[in-house]
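Engineer: What follows is a structure written as structure tokens; I'll ask about it next.
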Amino acid sequence: MKLVTFVDRSDKQLIGVLTDDNSSIVILHSGTEAIEREREPSFTDMLAFLRGGVEAREKAQAVVEHVMSKKIPGSIVSLNDVTLLSPVPCPESIRDFMSFEQHIVNYIRKVGLKKLAPIDELIEKVFGRKRSLAYRLNRAWYERPIYYKSNRFSVVGTNVDVRMPSYTEQFDYELEWGIFIGKQGKDIPEEHARDYIGGYAIFNDFSARDIQEKERGGRLGPAKGKDFDTGNAIGPFLVTPDEVPDPYRLNTVSYTHL
Numbered sequence: 002m003k004l005v006t007f008v009d010r011s012d013k014q015l016i017g018v019l020t021d022d023n024s025s026i027v028i029l030h031s032g033t034e035a036i037e038r039e040r041e042p043s044f045t046d047m048l049a050f051l052r053g054g055v056e057a058r059e060k061a062q063a064v065v066e067h068v069m070s071k072k073i074p075g076s077i078v079s080l081n082d083v084t085l086l087s088p089v090p091c092p093e094s095i096r097d098f099m100s101f102e103q104h105i106v107n108y109i110r111k112v113g114l115k116k117l118a119p120i121d122e123l124i125e126k127v128f129g130r131k132r133s134l135a136y137r138l139n140r141a142w143y144e145r146p147i148y149y150k151s152n153r154f155s156v157v158g159t160n161v162d163v164r165m166p167s168y169t170e171q172f173d174y175e176l177e178w179g180i181f182i183g184k185q186g187k188d189i190p191e192e193h194a195r196d197y198i199g200g201y202a203i204f205n206d207f208s209a210r211d212i213q214e215k216e217r218g219g220r221l222g223p224a225k226g227k228d229f230d231t232g233n234a235i236g237p238f239l240v241t242p243d244e245v246p247d248p249y250r251l252n253t254v255s256y257t258h259l
């Protein structure tokens, strides 16, 4: 399922499931009321849905099938008649990991090594990555998961203008892979990690690179280099885990319009 959070014409915030033709949304609350004559707590918002786990997903699928087969009035709305928000407008927490090795290597060479970058690329080509400066400067990344805690109040959805901070001259974007956790846990063994995934979304993390580089010397992680209004764009959809059998075999593409 592709799930959305949206605002309808009466300015009411709701969650729903995109239809197979991508033209309409099944409103989960309305569909449930039509079937059971009462509201389902896990359809209150997307956080409640994620907490509902497998049971909430199964209920949502049943609602979609019933609404689509019966064409229940008031339970389907055209995508053109709503405003999409981020699937999770205000997450309980955002932990931004460094996950893509080549992105990290490229960043170190471009921002850190600068003119030495071609030499480091040659070192890697001749002797292997473990001999390169990019590897040595970021050895900790290879030893344990690295993340910083981002501002959960700066999330925006699709088609929202991202505001470039006035204090930066090097504004950058990062196309990332958002993983939403569906149940509580800590220190989870690697082999059980996927049991805790509630859904996936596209995540674009924006950065003031020049400010971020200055803050790096403080050794406390990014501050104003990452923490600004509209700095975290998520969406437009949250897809359930069954839609992505192998998250390691995906291609993502970003486009810039200058």
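Following the working numbering, the residues of the sequence shown are numbered contiguously, the last one being 259. Idealized CB from N, CA, C, for every residue including glycine.
1. Could you work out which residue in Y256, Y136, K184, Y148 is closest to P223 when comparing CA atoms only?
2. Could you give the residue range of the alpha helix (DSSP H) that holds K1?
3. Quick one: what's Y149 bridged to in DSSP?
4. Let me check one thing: in DSSP terms, what residues is Y329 bridge-paired to?
5. When we look at the beta-carbon of Q213 and count the other beta-carbons within 10 Å, is it buried (16 or more) or exposed?
6. Output yes if chain C places a C-beta closer than 7 Å to the C-beta of R137; else output no.
7. Leaving out the 5 sequence neighbours to the left and right, which residues in its chain are closer than 7 Å to G113 when beta-carbon positions are compared?
8. Just how far apart, CA to CA, sit L4 and E125?
9. I want to know whether the stretch 125-136 touches the stretch 61-78 - three or more CB-CB distances under 8 Å.
10. With a threshold of 8 Å on Cβ separation, who are the neighbours of T253 within its own chain once the five nearest residues in sequence on each side are excluded?
11. Below 7 Å CB to CB, which residues in the same chain sit around V8 once its five sequence neighbours on both sides are set aside?
12. Express the C-alpha separation of S208 and E56 in angstroms, rounding to a whole number.
13. Please report how far the alpha carbon of H258 lies from the alpha carbon of I109, in whole angstroms.
14. Residue ranges of each alpha helix (DSSP H) run of no fewer than 4 residues wholly in the stretch 191-253, ordered along the chain?
15. Are the CB atoms of F181 and G199 nearer to each other than 7 Å?
16. What are the residues that DSSP puts in a beta bridge with I36?
17. Say whether the stretch 233-242 touches the stretch 85-99, bearing in mind that this needs 3 or more beta-carbon pairs closer than 8 Å, one atom from each stretch.
18. Could you give the DSSP three-state label for S25: helix, strand or coil?
19. Okay, do the stretch 72-83 and the stretch 31-42 touch, 3+ Cβ pairs below 8 Å being the bar?
20. Looking at the unbroken beta strand (DSSP E) that takes in F7, where does it start and where does it end?
21. What residue range is occupied by the uninterrupted beta strand (DSSP E) comprising K62?
22. For S31, name the three-state secondary structure that DSSP assigns.
23. Under 7 Å between the Cβ atoms of T169 and D211?
Structural biologist: According to the data block:
1. Translated into positions along the sequence shown, residue 223 becomes position 222. The residue with the shortest Cα to Cα distance from P223 is Y148.
2. For the chain, the structure presents residues 2 to 259; residue 1 sits outside this window and is missing.
3. Translated into positions along the sequence shown, residue 149 becomes position 148. Residue pairing by DSSP places Y149 opposite D97 in a beta bridge.
4. A question about residue 329 goes unanswered here, because the residues of the chain that appear run from 2 up to 259.
5. Mapped onto the sequence shown, residue 213 falls at position 212. If you draw a 10 Å sphere on the C-beta of Q213, you find 16 or more other C-beta atoms in it, and that means buried.
6. No chain C is part of this structure, which consists of one protein chain only.
7. Residue numbering aside, residue 113 sits at position 112 when the sequence shown is read from its first letter. Cβ within range, chain order: L138.
8. If you number the sequence shown from 1, residue 4 lands on position 3. If you number the sequence shown from 1, residue 125 lands on position 124. The straight-line gap separating the alpha-carbon atoms of L4 and E125 is approximately 43 Å.
9. Contact fails: fewer than three Cβ-Cβ distances are below 8 Å.
10. Here residue 253 refers to the residue found at position 252 when the sequence shown is read from its first residue. Excluding residues within five positions, the ones whose Cβ falls inside 8 Å are L176, W178, I203.
11. Locating residue 8 in the sequence shown gives position 7, where the first residue counts as 1. Correct list, in chain order: Q14, V83, T84, L86.
12. Within the sequence shown, the letter at position 55 stands for residue 56. Within the sequence shown, the letter at position 207 stands for residue 208. Between the alpha carbons of E56 and S208 lies a distance of about 38 Å.
13. Looking up residue 258 in the sequence shown gives position 257. Looking up residue 109 in the sequence shown gives position 108. So the two alpha carbons sit approximately 25 Å from each other.
14. Fully enclosed alpha helix (DSSP H) runs of 4 or longer: 210-217.
15. Counting from one through the sequence shown, the residue named residue 181 turns up at place 180. Counting from one through the sequence shown, the residue named residue 199 turns up at place 198. In this structure, G199 lies closer than 7 Å to F181 by Cβ.
16. Position 35 of the sequence shown, counting from 1, holds the residue named residue 36. Residue pairing by DSSP places I36 in no beta bridge whatsoever.
17. Contact between the stretch 233-242 and the stretch 85-99 is established, with three or more Cβ pairs separated by less than 8 Å.
18. Locating residue 25 in the sequence shown gives position 24, counting from the first residue. Residue state, collapsed to three classes: strand.
19. Under the three-pair Cβ rule at 8 Å, the stretch 72-83 counts as touching the stretch 31-42.
20. For the purposes of this step, residue 7 is taken as residue 6 along the sequence shown, with counting starting at 1. Per DSSP, F7 belongs to the beta strand (DSSP E) from 3-8.
21. Within the sequence shown, numbered from 1, the residue matching residue 62 stands at position 61. With the sequence shown as reference, residue 62 is identified as Gln, and Lys is not the correct amino acid for it. Q62 -> not in any beta strand (DSSP E); alpha helix (DSSP H) instead, spanning 54-71.
22. Counting from 1 along the sequence shown, the entry for residue 31 is found at position 30. S31: helix per DSSP, three-state reduction.
23. The residue given as residue 169 occupies position 168 in the sequence shown. The residue given as residue 211 occupies position 210 in the sequence shown. The Cβ atoms of T169 and D211 lie closer than 7 Å to each other.
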